[in-house]
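Student:
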Amino acid sequence: MIGNEKLDRMRTAAKEGRDPTAADETVVALVEWAKEHRAVRILEIGAGEGLTSCALLLETEAELTAIELLPDRAKKFRENVALFGLEDRVRLFEGDAGEILPILTGSYDLIFLDGPKVQYRRYFDDCKRLLKGGGALFSDDILLFGWVRGEAPKKRKMLAEHIREYLGLLESDPDFKTQIYEYGEGLAVSTKKNQ
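First residue of the sequence shown: 5, per our numbering; consecutive thereafter.
1. Counting along the chain, where does the alpha helix (DSSP H) carrying GLU29 start and finish?
2. One question on the structure: do TYR170 and ALA27 come within less than 8 Å of each other, judged by their Cβ atoms?
3. What number of angstroms, rounded off, separates the C-alpha of ASP145 from the C-alpha of LYS121?
4. Terminal residues of the continuous alpha helix (DSSP H) containing ILE208?
5. Do LEU87 and LEU60 have their CB atoms nearer than 8 Å?
6. Quick check on the burial criterion: 16 or more other C-beta atoms within 10 angstroms. Buried or exposed for THR56?
7. As an exercise, report each continuous alpha helix (DSSP H) stretch of at least 4 residues that is fully enclosed by the segment 82-162, in chain order.
8. Apart from the five residues on each side of it in sequence, which residues of its chain come closer than 6 Å, Cβ to Cβ, to ILE71?
9. So the candidates are PHE142, GLY119, ASP113 and TYR124; which of them puts its Cα closest to the Cα of LEU135?
10. Assuming the contact rule is C-beta atoms closer than 8 Å, GLU53 and ASN84 should be a hit. Round their C-beta distance to whole Å, please.
11. Is the separation between the beta-carbon of GLY138 and that of LYS196 shorter than 8 Å?
12. For VAL44, which residues in the same chain have their Cβ closer than 8 Å to its Cβ, ignoring the five residues on either side in sequence?
13. Taking the alpha-carbon positions, what's the TYR127 to LEU173 distance?
14. Do you know whose CA, among THR182, LYS10, GLY110 and GLU63, lies nearest LYS39's CA?
15. Could you spell out where the beta strand (DSSP E) holding THR182 opens and where it closes?
16. Under the three-state reduction of DSSP, which class applies to THR69: helix, strand or coil?
17. What are the boundary residues of the alpha helix (DSSP H) that includes LEU55?
18. For THR69 versus LEU47, is the C-beta spacing smaller than 8 Å?
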């Protein structure tokens with residue numbers, strides 16, 4: 005797990021709920037990357053209840069910008085961040101990431117994309133613009149129960165196709181080097197080349 009007893013318990017409880025948190029391996033990979041590269045600014049898209057954000061903030065000195073669409077999750081995000089005393093290092097935007105990303109400025113060392121999967125393509129240009137050279141874009145749930153590389157159920161074919169197209173964007177973009185890991189439902193780690 006992450007190594008903070010309270011946060012580990014909260015993550016375990018979240019996994020048993022309707023809206024589970026990111027896979028342990030994914031969070032460990034995020035935290036290890038952030039520590040190794042001394043991330044100063046992190047962006048999380050689809051922040052949920054903030055458990056991944058808390059893990060990143062507890063293990064680094066970074067400041068974090070989060071985007072969450074659903075008001076109940078955003079409320080829980082604020083509560084969880086406050087529980088760990090991290091509010092002074094967090095900026096939370098409530099709303100549609102498709103509307104918020106274009107107004108963000110500056111650059112981020114690390115971006116964790118874990119929002120609505122059908123919107124990943126829509127977010128790509130802004131993620132690329134906001135990510136600094138040498139930074140990493142972590143795209144979660146990229147294999148979707150094996151549907152992306154295999155056969156998706158009829159009701160999920162369009163979703164799987166959206167993710168395939170997004171993966172195609174990542175893998176064909178000359179400014180990124182992308183690796184796929186089979187953590188959770190799949191994780192793409194795309195490192196942006198220094199310009």
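Every residue gets a Cβ at the ideal spot worked out from N, C-alpha and C, and that includes glycine. Predicted, not measured: the structure shown is a model, and the values here were computed from it.
Tutor: According to the structure shown:
1. Counted as a single uninterrupted DSSP element, the alpha helix (DSSP H) harbouring GLU29 occupies residues 28-40.
2. A distance of 8 Å or more separates the beta carbons of TYR170 and ALA27.
3. ASP145 and LYS121 have their C-alpha atoms roughly 8 Å apart.
4. A query on residue 208 cannot be resolved here, the shown segment of the chain reaching from 5 to 199 and no further.
5. Taking C-beta atoms as the reference points, LEU87 and LEU60 fail to come closer than 8 Å.
6. With 16 or more Cβ atoms within 10 Å of its Cβ, THR56 is classed as buried.
7. At a cut-off of 4 residues, the continuous stretches assigned as alpha helix (DSSP H) that sit fully inside the segment 82-162 are 101-104 and 124-134.
8. Excluding the 5 residues flanking it on each side, ILE71 has same chain C-beta neighbours closer than 6 Å at ILE49, PHE97, ALA101 and ILE104, in chain order.
9. The shortest C-alpha to C-alpha distance from LEU135 to any of PHE142, GLY119, ASP113 and TYR124 is the one to ASP113.
10. Indeed, because the Cβ distance is near 6 Å, the residues count as touching under 8 Å.
11. In this structure, LYS196 lies closer than 8 Å to GLY138 by Cβ.
12. Excluding residues up to 5 positions away in sequence, GLU65, ALA66, GLU67 and ASP113 lie with their Cβ nearer than 8 Å to the Cβ of VAL44 in the same chain.
13. Note on geometry: alpha-carbon atoms of TYR127 and LEU173 lie some 11 Å from one another.
14. Taking each of THR182, LYS10, GLY110 and GLU63 in turn and checking the Cα distance to LYS39, the smallest one comes out for GLU63.
15. Taken as a continuous stretch (DSSP letters only), the beta strand (DSSP E) holding THR182 covers 180-185.
16. Correct three-state label for THR69: strand.
17. Taken as a continuous stretch (DSSP letters only), the alpha helix (DSSP H) holding LEU55 covers 55-63.
18. Cβ atoms of THR69 and LEU47: closer than 8 Å.
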